[in-house]
Amino acid sequence: MRLPCSAPLLCMGCHLIAVAAIEPVSTGLALGIAAAVTGFLARYQNVLYYFQECCRPEWISYNKTGLQEDLEEKLFGQHVASRVILKAVTGFMNSENPKKPLVLSLHGWTGTGKNFVSQLIAENIYQKGMASGFVHLFTATAHFPHEVHLETYKAQLQQWIKGNVTNCPRSMFIFDEMDKMHPGLIDGIKPYLDFYERLDGVSYRQAIFIFLSNAGGEKIVQVALDFWTLGREREEIELKDLEMALSLSVFNNKNSGFWHTSLIDKNLVDFFVPFLPLEFKHVVQCGLAEMAAKGLTPDAAVVDHMARDMNYFPKDERVFSMQGCKVISSRLDFYID
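In case it helps, mature numbering (1 follows the signal peptide of the UniProt record, and there is no 0) puts the sequence shown at residues -21 to -1, 1 to 316.
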């Protein structure tokens, strides 16, 4: 948890002014010294803000255009998620007085872009992106591995969130592997996601909570398959085709961290965002983008070869990728001469 940037400067200012006050000088001179010290500290503090990350606009400022371009140019095959994410984040960040924190739950099979989207959101709010001291990532298997310690995890999580939001109201908390989280744990933070103006003197209304989960992926895949079977375009799929069924599926899944959670029961999740299974063309797009990211000249023949060697379903038609884009970075090296 970071200390406010001004803390050491305030101490420095108090110390210098106190020294000046006990010297045998006139009142006028003492006031002049105090003013000079205050001016110096103000200038020094403003300079420091540009070098040390602080909970200030210099370090936290929403870039809607940047997020929109990133979603359009870097996220492939997710027209529903892109549209929902942009509108949800923009509406929340532009609100001067939100009624509650922004709570997003991203669902879909591995490799469809859930972690990538949370990264894009962070990069367009925080100057340091995921490396920001105000972005906090939790993974179920690493941070909450043992069910026997459930109550301890709850207490620690509550303290961590309260402490960090107290330090910076515009904090972001990302919970990965929600499908592996012990049921009941996430209910421990329910009060922080609710419509309270303040809890113990702390307002959580500017914070962002993002949950990532594979749970509900089967339902999303089924809807995508149904559209394909009926000969309908993938782009015809809308949020309304998935969101209600997705939330119910997750709520009733005993193997999900959302099982019978009050977060869903009390409607505290603002959007359940579906990530569709990727098709061959999307895998190719990911491959070309990855080659560019590696500093290589994108080679369509190489990427096409790699994409065709991957696994798809249904088995005979080979429509949807089973691995998505997650393995592409490591696989590309095998196909590049």
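Quick reminder that beta carbons are idealized off the backbone N, C-alpha and C, glycines included. Just so it is clear, the structure is predicted and the values come from calculations on it, not from any experiment.
Beta-bridge annotation (DSSP): THR118 is paired with ASP155.
For the 8 Å CB-CB criterion, VAL229 and VAL181 do not form a contact.
Only residues of its own chain outside the window of five on either side were considered, and among them TYR171, LEU172, TYR183, ARG184, GLN185, ALA186, ILE187 and PHE188 have a CB closer than 8 Å to the CB of PRO80, listed in chain order. The three-state secondary structure of HIS58, taken from DSSP, is helix. Unbroken alpha helix (DSSP H) runs of no fewer than 4 residues, entirely contained in the segment 82 to 139, are found at 93 to 102 and 119 to 122, following chain order.
Judged by DSSP in its simplified three-state form, GLU258 adopts strand. In the DSSP assignment, ILE187 falls within the unbroken beta strand (DSSP E) covering 187 to 192. In the three-state DSSP reduction, ILE243 falls in the helix class (H, G or I).
Cβ-Cβ separation between ILE39 and LEU50: approximately 20 Å, too far for a contact (criterion under 8 Å). Of the candidates ARG213, ASP166, LEU242 and LEU218, ARG213 places its Cα closest to the Cα of GLY56. By the criterion of a C-beta distance shorter than 7 Å, VAL96 is surrounded in its chain by LEU54, ALA60, ILE64 and LEU85, once the five residues flanking it on both sides are discounted. Looking at the backbone, the Cα of ASN232 and that of SER241 are separated by about 14 Å.
Beta bridge pairing from DSSP links ILE307 with no other residue. With respect to LEU247, VAL114 sits apart: the two C-beta atoms are not nearer than 8 Å. Proximity to ASP312 across PRO293, SER111 and GLU269 peaks at GLU269, based on C-alpha coordinates. Scanning GLY196, GLU130, GLY236 and SER300 for the CA closest to the CA of LYS159 turns up GLY236.
Residue environment: VAL252 is assigned as buried (16 or more neighbouring CB atoms within 10 Å of its CB, all protein chains considered).
Under DSSP, the beta-bridge partners assigned to ILE39 are TYR105. Cβ neighbours of TYR314 within its own chain (closer than 7 Å, five residues either side excluded): VAL281, HIS284 and MET285.
In this structure the segment 214 to 226 lies against the segment 191 to 203, because at least three pairs of beta carbons, one per stretch, are closer than 8 Å. Note that the C-beta distance between LEU255 and THR91 is below 8 Å.
Across the set ASN146, VAL68, THR208 and LEU164, the C-alpha of LEU164 shows the shortest separation from the C-alpha of THR131.
The beta carbon of MET301 lies closer than 7 Å to those of ASN290, TYR291 and PHE292 in the same chain, with the five residues before and after it left out.
ASP249 places its beta carbon less than 8 Å from that of ALA67.
Only exposed fits HIS125, as fewer than 16 other CB atoms lie within 10 angstroms of its CB. In the DSSP assignment, PHE251 falls within the unbroken beta strand (DSSP E) covering 250 to 253.
Contact annotation, THR89 with ASN193: C-beta distance approximately 6 Å; criterion of less than 8 Å satisfied.
Secondary structure of LEU209 (DSSP, three-state): coil.
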